[in-house]
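**Student:** Before we start, here is the structure in question, set down as structure tokens.
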Amino acid sequence: MDSAPGKLIFLVGFMGSGKSAVARLLARRLGGCPVIEADTWIEAEAGMRIPEIFERCGEPVFRDMETDLLERLDPHTASVVSCGGGMALRLENRQLMRDKGLTIWLTAEPHTILSRVGHSDRPLLAGRMNTAAIDAMMSERAPLYAAVAQMQISTDGRTPAAVAEACLAAIERWYPCD
Ligand code: S3P
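As structure tokens, this is what we get:
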């Protein structure tokens with residue numbers, strides 16, 4: 001595979017795979033580059049929290065906002081982007097990520113995910129916060145994460161700091177001269 005032309009590092013993966021915590025630590029290890037938290041950016045743009053956007057505007061509007069964010073990201077400014085779990089669903093988004101940087105897929109087993117997001121208000125897990133539903137949704141999405149990511153890192157049984165170190169090592173292998 002060719003090296004990615006952009007300077008952005010995208011963290012993708014299922015809800016609760018640790019993207020936000022790892023993004024903050026990874027950015028610090030990369031010299032203090034900015035972190036772009038996709039959900040926070042969207043909440044600020046919309047002036048609403050994610051569950052409210054889903055409820056009042058519907059999922060397609062939320063997905064359009066994810067695409068809008070990716071379109072607006074400057075690929076020449078090194079940053080770590082913590083993507084929402086559904087950012088890789090659209091082909092257009094996967095293309096934008098491939099064009100603008102390097103993508104790392106953070107994985108976790110369904111029981112790990114449940115232990116991390118079990119008490120949250122993720123709209124797509126409302127009423128089905130259990131390992132069977134998580135497993136089914138993850139199986140549907142896995143090919144899409146695999147299609148966009150250049151590398152995959154497991155987060156099961158690892159601290160966010162250990163995962164950030166693993167990301168850093170993978171990035172250094174990918175860009176050996178930087
Ligand atoms: C979503 C994941 C959430 C958030 C929204 C939709 C998804 O982000 O973007 O609730 O489709 O998987 P996290 O992955 O940060 O929980």
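The sequence shown begins at 1 in this note's numbering and counts up one residue at a time.
The beta carbon of each residue, even a glycine, is placed where N, CA and C say it ideally should be.
Alpha carbon to alpha carbon, how far is Met-129 from Arg-56?
**Tutor:** Each residue's Cα considered, the two are about 22 Å apart.
**Student:** Helix, strand or coil for Met-138? Go by DSSP, reduced to three states.
**Tutor:** Looking at Met-138 - three-state DSSP - the assignment turns out to be helix.
**Student:** Taking the alpha carbon of Glu-140 as the point to measure from, which residue in Glu-52, Ile-153, Trp-105, Phe-14 has its own alpha carbon closest?
**Tutor:** In this structure, Phe-14 is the residue among Glu-52, Ile-153, Trp-105, Phe-14 with its C-alpha nearest to the C-alpha of Glu-140.
**Student:** Contact defined as beta carbons within less than 8 Å: I believe Met-87 pairs with Val-22. What is the distance between those atoms, to the nearest angstrom?
**Tutor:** That belief does not hold up - the Cβ atoms of Met-87 and Val-22 are roughly 15 Å apart, past 8 Å.
**Student:** If contacts are defined as beta-carbon pairs under 8 Å, then Ala-170 and Met-151 qualify, I think. What distance do you get, rounded to the angstrom?
**Tutor:** 5 Å
**Student:** Can you check the region 98-124 for any beta strand (DSSP E) of at least 3 residues that lies completely inside it and give the ranges in chain order?
**Tutor:** 101-107
**Student:** Taking contact to mean at least 3 C-beta pairs separated by less than 8 Å, is the region 88-106 in contact with the region 57-77?
**Tutor:** yes
**Student:** State the CB to CB distance for the pair Ala-46 and Ile-53, rounded to an integer number of angstroms; the pair is presumed to be in contact (CB under 8 Å).
**Tutor:** 5 Å
**Student:** Classify Val-61 as buried or exposed, calling it buried when 16 or more other Cβ atoms lie within 10 Å of its own Cβ.
**Tutor:** Exposed, because fewer than 16 other Cβ atoms sit within 10 Å of the Cβ of Val-61.
**Student:** What do you reckon, is the C-beta of Pro-110 under 8 Å from a heavy atom of the ligand S3P?
**Tutor:** no
**Student:** On the three-state DSSP scale, how would you describe Leu-73?
**Tutor:** coil
**Student:** Let me check understanding here. Comparing Cα to Cα, which of Ser-79, Pro-51, Lys-19, Ala-146 lies closest to Arg-94?
**Tutor:** Ala-146
**Student:** Just to confirm the assignment: which complete beta strand (DSSP E) runs, minimum length 3, are found wholly within the region 7-32?
**Tutor:** 8-12
**Student:** Straight-line CA distance for Ile-134 to His-119?
**Tutor:** 14 Å
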